[in-house]
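Visitor: Position one of the sequence shown corresponds to residue 29 (this note's numbering), numbered consecutively onward.
My questions will all concern the structure given below.
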Amino acid sequence: MAGNNKLYRSQDKKIIAEVCAGLAEYLGWEVSMTRLAYVLISIFSAAFPGVIVYLVLWVVMPEK
């Protein structure tokens, strides 16, 4: 992994719950591309599973 060693919700680039920003930092990707990829994956999987995964990550991922 190119980013951090631990997965945290990012406080720097948050929009809703910092989940996508934390994933982007962990993976070493751009935040906007991570959000776009997450939205596209959610749409193509009928959106409902993507929302559930986001909510679970919001609860499970610690804040930085």
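Each residue gets a CB set at the ideal place from its N, CA and C atoms; glycine is no exception.
A quick note: this is a predicted structure, and the numbers were derived from the prediction, not measured.
Is Y36 near C48, with beta carbons less than 8 Å apart?
Guide: No, the pair does not count as a contact, with Cβ atoms beyond the cut-off.
Visitor: Roughly how many angstroms lie between the CA atoms of A91 and I71, to the nearest whole one?
Guide: The amino acid occupying residue 91 in the given sequence is Glu; Ala does not appear at that position. Their Cα atoms are separated by approximately 27 Å.
Visitor: Thinking just about the alpha-carbon of each residue, which of K34, V59, V81 and S73 is nearest to the one in I43?
Guide: Comparing Cα positions, the closest option is V59.
Visitor: Please report how far the alpha carbon of A74 lies from the alpha carbon of I80, in whole angstroms.
Guide: Rounded to the nearest angstrom, the two C-alpha atoms are 11 Å apart.
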